[in-house]
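So the structure is just underneath, and the comments pick up after that.
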Amino acid sequence: MDGALTLTDTRSDRGADTPAAVLDCAGLTRSFGDRLAIDDVSLRIAPGETYGLLGPNGAGKSTTIRMVCGLLTADAGTVTVAGLPMTPGAPARALVGYVPQDVALYPDLTARENLRFFGHMYRLRGKQLAERVAEVLDLTGLTDRGGDRVESFSGGMRRRLNIGAALLHRPTLLVLDEPTVGVDPQSRHAILDSVRAFGAAGMAVLYTTHYMEEAERICDRVGIIDHGKLIAEGTPRELVAQVAERDRVELTATGNLPGFATACAALTGVTHTDSGDGMVTLLVEDGRAVLPAVLDAAERADIAVRSVQVVEPDLESVFLHLTGTSLRE
């Protein structure tokens, strides 16, 4: 795939009266038994806006997405897409293109056969279906591979075709659930450029990711969800302003990292700590000033530090500040 996907302006065949918000979620609440999974979540996405929904595993992202797509009914609250109420089987579902985290393709079918199958699901037929399939193969850079089985595709090619399947009916709202997991850097770069192009063409995009740099690169606004509640929302710049001048110190190390993180939490200037995957992450008021004390604490705890990085405030710092953990798989 040599470049980003391009997209015809999705507003051209929707009429002139574009609603103020493509997606409007108001007071969404959902429980599973005694567990409150989503607690009064409200968010809006305007035409042409890419909205990033970030949160730790189990925070409620997938449940929110399922309610947005009409796959799950809320206990309370409403979802409307382009002014239409979203419920299972409602007409509003036809306005949504959903790209699940797991690739939803048939490996023993060709790319073209997969697209024709999903096109039939969207009630596309005849010449219109043929034109849309050809358009999506071109958009995804897979025209030359249209007759090949998906089982022969690389991970990046499968991800691109997975996105293409959700674009067949030219949705008003595109929902992407971690679309770059497991792809090569070139395909990942192309997918991100493509998402930006979708917004430029007027499509509203709801995007979840485990990669904070993706949210910083493509999202106009970001919502952070934790324990089922939307705890922060704004542009990346607005959210970064919440952590003032705090830096993030990242140490790659071996040893008792949870104990080391606890020891660091007692140091002057350290406001948050997190450990996992061979790393300790600290949110501090002045990274360079606190670093000597952190390294002394590492030596006392018999921690072997392999690398240290001081990062100025960014979305990862905001996430650590608000949730007490880093955003990682």
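In terms of this note's numbering, the sequence shown is residues 1155 to 1483.
Yeah, the Cβ is synthetic: ideal placement off N, Cα and C, and Gly gets one too.
In this text, all values refer to a predicted model and were calculated from it rather than measured experimentally.
Taking the alpha carbon of L1182 as the point to measure from, which residue in A1191, V1176, A1175, V1195 has its own alpha carbon closest?
-> V1195
Looking only at DSSP bridge pairs, what is S1196 linked to?
-> S1196 is not bridged by DSSP to any residue.
Go ahead and pull the three-state DSSP assignment for E1332.
-> coil
Could you tell me which residues DSSP puts in a beta bridge with H1426?
-> L1437
If you pair each beta-carbon of the stretch 1296-1305 with each one of the stretch 1260-1274, do three or more pairs fall below 8 Å?
-> yes
In three-state DSSP terms, what is Q1255?
-> coil
C-beta atoms of Y1205 and V1329 nearer than 8 Å | no
In terms of residue numbering, what span does the beta strand (DSSP E) encompassing V1337 cover?
-> First-last for V1337: undefined, no H or E at that position.
For G1409, which three-state DSSP category applies?
-> coil
Could you tell me the boundaries of the alpha helix (DSSP H) in which V1472 lies?
-> 1469-1477
State the DSSP-derived secondary structure class of R1277, mapped to helix, strand or coil.
-> coil
Report the residue from L1384, P1390, R1442, T1435 whose alpha carbon sits nearest the alpha carbon of E1404.
-> T1435
With 16 other Cβ atoms within 10 Å as the buried cut-off, status of D1401 | buried
Cβ contact (3+ pairs, closer than 8 Å) linking the stretch 1422-1438 and the stretch 1354-1373 | no
Can you name the start and end residues of the alpha helix (DSSP H) that A1320 belongs to?
-> 1309-1321 is the span of the alpha helix (DSSP H), which, as asked, contains A1320.
Does DSSP classify A1230 as helix, strand or coil?
-> strand
Count the other CB atoms, across all protein chains shown, that sit within 10 Å of the CB of K1215; report buried if there are 16 or more and exposed otherwise.
-> buried
Just reading off the beta strand (DSSP E) that A1458 is part of, what are its end residues?
-> 1458-1465
Just to confirm, are C1331 and T1297 a CB contact at a threshold of 8 Å?
-> Reading off the sequence shown, one finds Asp at residue 1331, where the question assumed Cys. Taking 8 Å as the Cβ cut-off, D1331 and T1297 do not qualify as a contacting pair.
Cβ-Cβ separation, V1376 to L1469 (assumed contact under 8 Å), whole Å = Contact holds; Cβ gap of about 7 Å.
Which term fits S1308, buried or exposed, when burial requires 16 or more other beta carbons within 10 angstroms of its beta carbon?
-> exposed
From the DSSP output, which residues share a beta bridge with C1179?
-> Assignment of beta-bridge partners to C1179 by DSSP yields L1197, V1233.
Count the other C-beta atoms from every protein chain shown that fall within 10 angstroms of the C-beta of S1461, then say buried if there are 16 or more, exposed otherwise.
-> exposed
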